[in-house]
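First comes the structure, then the notes that go with it.
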């Protein structure tokens, strides 16, 4: 709606917008937190969001290899086949299906998860030094995608502190268990963008970004689409 008159300006497909803005927020975080030379990615989950997350991360880092794991192996294989050989910024990306999470994560510079898991899938013990973990699922306090060890080993960032501390099981549960404290959250997306948090400080550092989504992301994405369409 117009901020001046209140008149409707556009009606957008909410599902498509949510998929795109969620992946964009993860990639924005990765631009501060993933190593600049990150070339390999593990995608945990093969749902509707996964292709968007792969493409978004490939837009900010020189991704060349992606391994996809899903509980339904056939779904992972199908998605891998549909994405294999895709070109991003002149790079042809090799996409394969992994038989286990450990296999997918073993060689990954970036580990992204978009699942409905209620028990941890990503183990801290499996993360290689210098990796970046992106957790998109787990949008209620009862849901988890990474175990306590992963959170303990990582420098933790969130999209918004208010949302993460109220909704994100990957943050709420470790805090309740005394694994980390609220002060261990290094910053949020706004801090990173404003330079109030420096992001990755060391090539060997493990970083973790947890998102639950915010209406501001929807507004920013919708405004961008509207501006581009009306600009011709």
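In our numbering, the protein residues as written are 925 to 1156.
Yeah, the Cβ is synthetic: ideal placement off N, Cα and C, and Gly gets one too.
By Cβ distance below 6 Å, which residues in the same chain neighbour residue i in space, the five residues on each side in sequence not counted?
| i | result |
| --- | --- |
| residue 1058 | 950, 1036, 1133 |
| residue 986 | 963 |
| residue 1028 | 966, 991, 993, 1022 |
For residue i, which option in the options has the closest C-alpha, if you only look at C-alpha atoms?
| i | options | result |
| --- | --- | --- |
| residue 1129 | 1093, 955, 1055 | 1055 |
| residue 981 | 992, 1113, 962 | 962 |
| residue 1105 | 999, 1019, 1089, 1018 | 1089 |
| residue 1019 | 1029, 1047, 1045, 988 | 988 |
| residue 994 | 966, 1015, 1052 | 966 |
| residue 1107 | 1085, 1093, 1124 | 1085 |
| residue 1117 | 955, 930, 928, 945 | 955 |
| residue 1151 | 1119, 933, 1002 | 933 |
| residue 997 | 960, 1034, 971, 930 | 971 |
Provide the residue(s) that pair with residue i in DSSP beta bridges, ordered along the chain.
| i | result |
| --- | --- |
| residue 967 | 992, 1036 |
| residue 1122 | DSSP, once it has assigned bridges, lists no residue as partnering residue 1122. |
| residue 1133 | 1058, 1081 |
| residue 1108 | Looking at the DSSP assignment, residue 1108 forms no beta bridge with any residue, so it has no partner. |
| residue 1046 | 1070 |
| residue 1011 | 1016 |
| residue 1021 | 992 |
Could you pull out every residue in the same chain whose Cβ sits closer than 7 Å to the Cβ of residue i, ignoring the five residues on either side in sequence?
| i | result |
| --- | --- |
| residue 1115 | 1121 |
| residue 1039 | 968, 969, 1045, 1061, 1069 |
| residue 1136 | 1063, 1083, 1087, 1088, 1091, 1092 |
| residue 1094 | 1059, 1062, 1068, 1069, 1070, 1075, 1134 |
Which residues in the same chain as residue i place their Cβ atom closer than 8 Å to its Cβ, once the five residues preceding and following it in sequence are excluded?
| i | result |
| --- | --- |
| residue 983 | 951, 1012, 1013 |
| residue 1032 | 964, 965, 966, 991, 1052, 1055 |
| residue 1015 | 982, 986, 987, 988 |
| residue 1024 | 993 |
| residue 1026 | 1047, 1050 |
Rounded C-beta distance between residue i and residue j? I'm assuming under 8 Å.
| i | j | result |
| --- | --- | --- |
| residue 1074 | residue 1047 | 7 Å |
| residue 1049 | residue 1021 | Actually they do not touch by this definition, with Cβ atoms about 23 Å apart. |
| residue 957 | residue 1131 | 4 Å |
| residue 1000 | residue 973 | About 14 Å separates the two Cβ atoms, so there is no contact after all. |
| residue 1113 | residue 953 | 6 Å |
| residue 959 | residue 1124 | 7 Å |
Counting beta carbon pairs with one atom in the stretch 933-952 and one in the stretch 1001-1018, are three or more of them shorter than 8 Å? No, the stretch 1001-1018 is not in contact with the stretch 933-952.
Do the stretch 1063-1082 and the stretch 1095-1105 touch if we need at least three Cβ pairs shorter than 8 Å? Yes, they touch.
Can we say the stretch 967-981 touches the stretch 1074-1081, given the rule of at least three CB pairs closer than 8 Å? Of all C-beta pairs linking the stretch 967-981 to the stretch 1074-1081, fewer than three are shorter than 8 Å, placing the two stretches out of contact.
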